[in-house]
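See structure below.
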Amino acid sequence: MARELDEKDFAILRKLAPEYSGILCPGSGHEFHSILPPVSNHIARDDEDFAERVARLSEEDWAYLTDLILSGREDLGCVPEEDIETILTHIRETVSEGAAERARRLYHLSGCGTL
Numbered sequence: 000m001a002r003e004l005d006e007k008d009f010a011i012l013r014k015l016a017p018e019y020s021g022i023l024c025p026g027s028g029h030e031f032h033s034i035l036p037p038v039s040n041h042i043a044r045d046d047e048d049f050a051e052r053v054a055r056l057s058e059e060d061w062a063y064l065t066d067l068i069l070s071g072r073e074d075l076g077c078v079p080e081e082d083i084e085t086i087l088t089h090i091r092e093t094v095s096e097g098a099a100e101r102a103r104r105l106y107h108l109s110g111c112g113t114l
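So, in structure tokens, the structure goes:
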């Protein structure tokens with residue numbers, strides 16, 4: 000489900016990609032509708048760069064992103080598996096093991112076309 004990013008979303012995006020100031024996803028040319036997928040797929044150079052970028056986020060940022068993920072507003076379906084593991088590690092460490100497991104299930108369900 001596409002959503003419009005708000006100022007809080009763009010603040011997190013600026014932490015993840017301070018060198019990128021546009022509102023258009025560099026890969027699709029469309030406005031951002033999520034935070035983590037475009038960083039993973041189009042801005043980060045590789046999985047190591049992605050891991051370094053998401054490590055910049057605070058516990059508050061992770062709580063917010065986890066809420067978005069679990070409510071289906073932050074779609075991780077197109078994020079590569081290695082970056083999902085990085086995301087789940089941060090959720091596990093900053094939010095909870097249960098939230099990380101729910102996010103993992105959602106990811107696998109969306110990848111299978113179930114959702």
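Counting along the sequence shown from 1, when you hit position 53 you're at 52 in numbering that gives the first Met the number 0, and nothing is skipped either side.
C-beta atoms are modelled at their ideal positions from N, C-alpha and C, and glycine is treated no differently.
It should be emphasised that the depicted structure is a prediction, and the values quoted were computed from it without experimental measurement.
Residue i - containing alpha helix (DSSP H), residue span
| i | result |
| --- | --- |
| residue 89 | 80 to 93 |
| residue 3 | No alpha helix (DSSP H) contains residue 3, which DSSP labels as neither H nor E. |
| residue 52 | 46 to 53 |
Inter-residue Cα distance where the pair is residue i and residue j
| i | j | result |
| --- | --- | --- |
| residue 99 | residue 2 | 22 angstroms |
| residue 12 | residue 109 | 23 angstroms |
| residue 50 | residue 84 | 10 angstroms |
| residue 57 | residue 5 | 18 angstroms |
| residue 91 | residue 68 | 13 angstroms |
| residue 32 | residue 62 | 19 angstroms |
heavy atom of the ligand ADP below 7 angstroms from residue i C-beta
| i | result |
| --- | --- |
| residue 49 | This structure lacks the ligand ADP; in fact it carries no ligand of any kind. |
CB-CB length for residue i against residue j, believed under 8 angstroms
| i | j | result |
| --- | --- | --- |
| residue 35 | residue 73 | 6 angstroms |
| residue 89 | residue 53 | 6 angstroms |
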